[in-house]
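Structure record follows, encoded as structure tokens.
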Amino acid sequence: QFSHRQRLKAAVHYAVGRLCSEVALDKQVQFNKQTVAAIAEVTFRQCENFAKDLEMFARHAKRSTVTTEDVKLLARRSNSLLKYITEKNEEIAQ
Amino acid sequence: KDGFLSEEEFNLWKRLYRLGDGDQVKGVVLPEPHFPSLQEDAMPKEPTAGIRQLSLSEWRLWQDHPLPTHQVDHSDRCHHFISVMQMIEEMRQEEDECSYERKIKPFLRMEDVR
Amino acid sequence: VVEAAVRGVQQAQAEDLDIVDVDQLEKVLPQL
């Protein structure tokens, strides 16, 4: 159980490192390792919050499967994020 | 009774709590959330005179440990935030090598990433 | 993730820095 969680954390850390490198290239500003680690930790913990929220949204709608409707609810607090997620969802649906 | 202030309450409010022209700070506002990564280049609005824009980061030095609560505990999100701020505090002195990375790297499996 | 990175960059640029350190991230984190 512990190593499974640590493997997930390592994968998130790797992915965050890659994304930060893309932003660094685009903006011509570097990220030191500690910053990448902090963003990775924030991301991992945020995923924990998301998982709980998604589960609750699905259960609230009496579903046992989480759907993209639940994901949109996650982004409900920001119009631009909701718009972005909705467009992304339609893209994927096609 | 109808959800609004009675006349007496209104007067009390006006006298004790209402921020008005006579006050140096006429109102407070939270910063507008905007997402630069979504190409949302919000024009930084000129702060209107007398309106104090509250800062969410001004007191971050206090935010690396849970402050006392009364009847309602801190939320999960708050605990997450506090622990990340503690992590940042611990990493601040690190030069190059990253302790977080050193602990986590052994668990990396590329198949997990894909 | 990208949002945190971009805001970190903006904070570093505001401080005339060419590397994002945890000091910059710490300032943008509360609002993020």
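Those protein sequence lines, which keep their order, are chains A, B and C.
Going by this note's numbering, the first sequence opens with residue 27, and the numbers climb by one from there.
Going by this note's numbering, the second sequence opens with residue 375, and the numbers climb by one from there.
Going by this note's numbering, the third sequence opens with residue -9, and the numbers climb by one from there.
Note that beta-carbon positions come from the ideal geometry of N, C-alpha and C, so glycine has one too.
This one's a predicted model, so the numbers in the text were calculated from it and none came from an experiment.
Can you check which of these residues, the options, is closest to residue i by C-alpha distance?
{"i": "aspartate 470 of chain B", "options": "A/Phe57, A/Arg89 and A/Glu81", "result": "A/Phe57"}
{"i": "glutamine 60 of chain A", "options": "C/Gln21, C/Ile9 and C/Glu(-7)", "result": "C/Ile9"}
{"i": "isoleucine 425 of chain B", "options": "B/Gln413, B/His408, B/Glu432 and B/Asp397", "result": "B/Asp397"}
{"i": "valine -8 of chain C", "options": "B/Val403, B/Gln413, B/Glu383 and B/Leu386", "result": "B/Gln413"}
{"i": "leucine 428 of chain B", "options": "B/Tyr474, B/Val402 and B/Thr443", "result": "B/Val402"}
{"i": "lysine 17 of chain C", "options": "B/Phe455, B/Trp387 and B/Ser449", "result": "B/Phe455"}
May I ask which residues mark the beginning and end of the alpha helix (DSSP H) holding residue i?
{"i": "glutamine 3 of chain C", "result": "-8 to 4"}
{"i": "valine 38 of chain A", "result": "28 to 53"}
{"i": "valine 403 of chain B", "result": "No alpha helix (DSSP H) contains valine 403 of chain B, which is instead part of the beta strand (DSSP E) from 401 to 403."}
{"i": "phenylalanine 384 of chain B", "result": "381 to 390"}
{"i": "cysteine 73 of chain A", "result": "59 to 86"}
{"i": "glutamate 113 of chain A", "result": "105 to 119"}
{"i": "valine 97 of chain A", "result": "94 to 100"}
{"i": "phenylalanine 455 of chain B", "result": "450 to 465"}
{"i": "leucine 15 of chain C", "result": "12 to 18"}
Go to residue i, then tell me how far its beta strand (DSSP E) extends in each direction, as first and last residue.
{"i": "glutamine 427 of chain B", "result": "425 to 427"}
Please say whether residue j and residue i have beta carbons closer to each other than 8 Å?
{"i": "valine 55 of chain A", "j": "valine -1 of chain C", "result": "yes"}
{"i": "isoleucine 118 of chain A", "j": "lysine 98 of chain A", "result": "no"}
{"i": "arginine -3 of chain C", "j": "proline 410 of chain B", "result": "yes"}
{"i": "alanine 66 of chain A", "j": "cysteine 472 of chain B", "result": "no"}
{"i": "histidine 39 of chain A", "j": "isoleucine 478 of chain B", "result": "yes"}
{"i": "valine 68 of chain A", "j": "alanine -6 of chain C", "result": "yes"}
{"i": "methionine 465 of chain B", "j": "glutamine 437 of chain B", "result": "no"}
{"i": "phenylalanine 378 of chain B", "j": "lysine 35 of chain A", "result": "no"}
{"i": "asparagine 105 of chain A", "j": "arginine 451 of chain B", "result": "no"}
{"i": "arginine 488 of chain B", "j": "arginine 33 of chain A", "result": "no"}
{"i": "leucine 430 of chain B", "j": "glutamine 21 of chain C", "result": "yes"}
Give every residue of the same chain whose Cβ lies closer than 7 Å to the Cβ of residue i, excluding the five residues on either side of it in the sequence, and list them in chain order.
{"i": "leucine 393 of chain B", "result": "Val399, Lys400 and Gly401"}
{"i": "aspartate 96 of chain A", "result": "Leu80, Phe83 and Ala84"}
Ignore the nearest five residues each way along the sequence and tell me which others in residue i's own chain have a CB closer than 8 Å to its CB.
{"i": "proline 440 of chain B", "result": "His448, Cys452, His453 and Ile456"}
{"i": "arginine 476 of chain B", "result": "none"}
{"i": "cysteine 73 of chain A", "result": "Val38"}
Since residue i contacts residue j with CB under 8 Å, what's their CB separation in whole angstroms?
{"i": "alanine 37 of chain A", "j": "aspartate 486 of chain B", "result": "4 Å"}
In chain order, what residues of the same chain have a beta carbon less than 6 Å from the beta carbon of residue i, not counting five sequence neighbours either side?
{"i": "lysine 53 of chain A", "result": "none"}
{"i": "glutamine 14 of chain C", "result": "Gly(-2), Gln1 and Ala2"}
> What residues from the segment -7 to 4 of chain C come within 7 Å of chain F, judged by C-beta to C-beta, listed N to C?
Replying inline: No chain F is present in this structure, whose protein chains are A, B and C.
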